[in-house]
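Residue numbers (full-length UniProt numbering): 1 to 142.
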């Protein structure tokens, strides 16, 4: 009987410790967008893990919001600590992609985490950021 109680106690302590550690390793990410020109078209917000392909599907967060919502700020709750990248755009043609012209330049309003000046293809290193505590990322639209 004594061994049974000891095992239950150990399992209980491990469960409490695991929950405490995992609770410490997640925090909210708030995303705000500035410089909006179009106040009617919905904004698609994608949050990529640093291992994601920026030309593929965002594995962390994908959702459309009203311009008013993103101006005030939207929050991705309980985001684990790690490195992420944000792409936001106004999908005027509603094809679920950031539409580009023949030269590869976006033809829809868009913005990226870190607000880089793009000179060529989009690279994760330019737009990724470290997320280890509650923070706000403000993205300027082009």
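Ideal Cβ placement from N, Cα and C applies to all residues, glycine included.
Same chain, Cβ closer than 8 angstroms to residue i, neighbours up to 5 away in sequence not counted
i	result
residue 96	44
Residues near residue i in its chain [Cβ-Cβ closer than 6 angstroms; skip 5 each side]
i	result
residue 75	28, 30
residue 123	none
Identity of the residues DSSP links to residue i by a beta bridge
i	result
residue 135	29
residue 183	Past the boundaries of the shown model lies residue 183; the chain is included only from 1 to 142, so the question cannot be answered.
residue 130	83
Contact set for residue i: own chain, Cβ-Cβ below 7 angstroms, skip 5 residues either direction
i	result
residue 22	Any answer about residue 22 is weak, because its pLDDT of 48 lies below 50 and its placement is not dependable; what the coordinates show is given next. Cβ within range, chain order: n/a, list empty.
residue 5	Legend: pLDDT at residue 5 = 48, less than 50; position of this residue unreliable, value from coordinates given subsequently. Excluding positions up to five away in sequence, the list is empty.
residue 52	58, 59
residue 138	32, 34
residue 111	33, 88, 139, 140, 141, 142
residue 36	67, 71, 141
residue 133	27
residue 62	46
Segment limits, beta strand (DSSP E) that includes residue i
i	result
residue 49	43-49
Supposed close pair residue i, residue j - CB separation, criterion 8 angstroms
i	j	result
residue 77	residue 91	At roughly 24 angstroms, the Cβ-Cβ gap does not stay under 8 angstroms, so residue 77 and residue 91 are not in contact.
residue 42	residue 64	4 angstroms
Contact with chain B by residue i, beta-carbon distance below 7 angstroms
i	result
residue 47	Of the chains in the structure shown, none is chain B; there is only one protein chain.
**Asked** Of all the beta strand (DSSP E) runs that stay within the bounds of the stretch 57-121, which reach a length of 3 or more residues?
**Response** Listed in chain order, they are 61-65, 74-80, 82-90, 110-112.
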